[in-house]
Amino acid sequence: MPRPRGGDPVASDSTDDHQDRSGGSTVATRGPLHRFEDGEQVRRKLSLVILIAVAVATTTPVRASARTMAIECGTAHSTARAGTIAAPAADPDPDPQAPLGVGLQVDTKGVTVLPELVTKRVRKQAELRARDAGVAIVERGRASIKVAVRSTPKALGFEYAVTAQLDGRLVPVDDREGRCDPCTHEDVVRRIDELLVRQYEALQLRSQQLEDAAASPAPASEPAASRTPPEGATPHEPPSPASAPTDRAASPSAASQRKPTAPLGAIGGAGIAIGAVGLAGVVAGAVLATRPAQRERVPGDAGAFREVDRDTGGFALVGVGAALVAGGIAMVVTDVVFRKRRRTAAAAVLNSRLVGFSVSGRF
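Residue numbers (the numbering used here): 269 to 631.
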């Protein structure tokens, strides 16, 4: 075996040169290290191919699912749009038995102290009274009720107004506004509650009248009678105004006879009792003050007398009794002024389905 030139050592794992005896050519063979590197590269390539195959296999169902979901979403969106567009075409007839829809508006911009509290309480009372009257509070309806509240100039009371409209026209009601000064939030809510009851009743009555007028058929025109009476017949005399029939019912505002009453409550009763006690004190004090001085014996001296005057106690009793009388009168006046008024309205009703008398109010 020839020695390498230049003195380079030959590694044991390098390429071995073998002499072919027959031809004398040199055959190069690879060592174990090169074979290990080739096997490692093959394994890496196989791993890469497997990873790519797995990624492709995983991505394909996801894309298919995404495509399917997109198609379903598009179909649902198209269906929803078609339903949205086609929905207005179905316009069912309104139910004649449905309650009257009333829109509610509460305006408390003029309230200087706790306007949110007034709005909340008024709206709550309006919803309760609407349920009692058989109407429904809706966003927009045939009827509407507006409640306006504002504080008085000194912010010790309130001014309020309640108006109702039906089909864009104002419903006539006698009591639509008021003022309480001084009063609290509870007082003004209670007064507005009374007006709401009347407005709901007026709306129901007016709505019923309009429905009856629309349902009643128009009267058929009768043929005109000949102006010339037949021979031998007496000429027809025109009917007297007293016997002429009236087809129009009397309006509730004209026929109603309101008699405001102000019954005394607990405050008024207490005021009467206090005033009576004070009056008794005044009488007793006056009696004591007008009595003449009395002579009494001096204790320990049999022959001595002294005059006793009790007018001082009588005058004091008169003063206390007068103060109690004044307080009782003030309590009675206050109770009469701020006591709730109960009103009763009566009206004649004459339409195609009902003939009679209508009575409405708070009892």
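Even for Gly, the Cβ is constructed at its ideal location relative to N, Cα and C.
Bear in mind the structure is a predicted one, so any value in this text is a computation, not a measurement.
Worksheet item: Which stretch, first to last residue, makes up the alpha helix (DSSP H) that contains Arg410?
Response: Arg410 -> no alpha helix (DSSP H), and no H or E assigned at all.
Worksheet item: Is the beta carbon of Ala596 sitting closer than 8 Å to the one on Gly539?
Response: Note that residue 596 is Gly in the sequence shown here, rather than Ala. Yes; because the gap between Cβ atoms is below 8 Å, this pair is in contact.
Item to complete: Locate the alpha helix (DSSP H) running through Arg646, then write down its first and last residues.
Response: Residue coverage of the chain in this structure runs from 269 to 631, which leaves residue 646 outside it and unanswerable.
Item to complete: Counting only the same chain and skipping the five closest in sequence on each side, list residues whose C-beta sits under 7 Å from that of Val593.
Response: Gly543, Gly546, Leu547 and Val550
Practice prompt. Would you mind listing the beta strand (DSSP E) stretches within the stretch 406-485 that are 3+ residues and don't spill past its ends, in chain order?
Written response: 411-419, 426-434 and 445-448
Worksheet entry | Reference Ile413; option with closest CA among Phe426, Ala584 and Leu464 | Leu464
Worksheet item: Smallest Cα separation from Thr380: which of Val390, Arg418, Pro367 and Arg397?
Response: Arg418
Worksheet item: Is Asp226 near Ala416, with beta carbons less than 8 Å apart?
Response: Because the chain in this structure spans residues 269 to 631, residue 226 falls outside the shown range and cannot be described.
Worksheet entry | Simplified DSSP state of Thr376, which is helix, strand or coil | strand
Discussion item. I need the straight-line Cα distance from Val605 to Pro567, nearest angstrom please.
Written reply: 59 Å
Discussion item. Could you compute how far the alpha carbon of Glu445 sits from the alpha carbon of Thr580?
Written reply: 54 Å
Practice prompt. State the start and end residues of the unbroken alpha helix (DSSP H) segment that holds Pro383.
Written response: Pro383 to Ala401
Worksheet item: Taking C-beta to C-beta, are Gln393 and Ile460 nearer than 8 Å?
Response: yes
Worksheet item: Quick one: what's got a C-beta closer than 7 Å to Arg466's C-beta in the same chain, skipping five residues either side?
Response: Val441 and Asp443
Fill in: Simplified DSSP state of Val370, which is helix, strand or coil
strand
Worksheet item: Under the DSSP definition of a beta bridge, which residues are partnered with Glu575?
Response: Arg563
Discussion item. Checking 8 Å against the spacing of the C-beta atoms, do Gly553 and Val586 come in under that value?
Written reply: yes
Discussion item. Classify Val457: buried if its beta carbon has 16 or more other beta carbons within 10 angstroms, exposed otherwise.
Written reply: buried
Worksheet item: By Cβ distance, which residues of its chain are closer than 6 Å to Ala401, with the 5 residues on each side in sequence left out?
Response: Tyr468
Discussion item. Once the 5 residues before and after Asp455 are set aside, which same chain residues still bring their CB inside 6 Å of it?
Written reply: Cys448
Worksheet item: Run through DSSP, which three-state label would Gly553 get?
Response: helix
Worksheet item: Looking only at C-alpha atoms, which of Glu427, Val406 and Cys451 sits nearest to Gly378?
Response: Glu427
Fill in: For His453 and Leu385, believed in contact at Cβ under 8 Å, the rounded distance
6 Å
Worksheet item: When we look at the beta-carbon of Gln472 and count the other beta-carbons within 10 Å, is it buried (16 or more) or exposed?
Response: buried
Worksheet item: Between the C-alpha atoms of Arg437 and Val390, what's the straight-line distance to the nearest angstrom?
Response: 23 Å
Practice prompt. Kindly give me the distance between the Cβ atoms of Ala398 and Val370, rounded to whole angstroms, as I take these residues to be in contact under 8 Å.
Written response: 6 Å
Worksheet item: Given that a residue counts as buried once 16 or more other Cβ atoms are within 10 Å of its Cβ, and exposed if not, what is Ala411?
Response: buried
Worksheet entry | CA nearest to the CA of Gly582, picked from Ala557, Leu314 and Thr431 | Ala557
Practice prompt. Use the C-beta contact count for Val317: other C-beta atoms within 10 angstroms, 16 or more gives buried, fewer gives exposed.
Written response: exposed
Practice prompt. Could you tell me which of Asp435, Pro450, Val310 and Leu424 sits nearest to Arg408, measuring between CA atoms?
Written response: Asp435
Practice prompt. Report back the beta-carbon spacing between Ser475 and Leu368 to the nearest angstrom; my notes put them in contact at under 8 Å.
Written response: 5 Å
Worksheet entry | Inter-residue spacing [alpha-carbon to alpha-carbon] between Ala534 and Thr602 | 11 Å
Worksheet item: Smallest Cα separation from Lys422: which of Met599, Leu478, Pro450 and Ile320?
Response: Pro450
Item to complete: Would you identify the three-state DSSP class for Pro360, choosing helix, strand or coil?
Response: Below a pLDDT of 50, predicted positions are generally treated as unreliable, and Pro360, at 44, falls in that range; no measurement from the model is reported.
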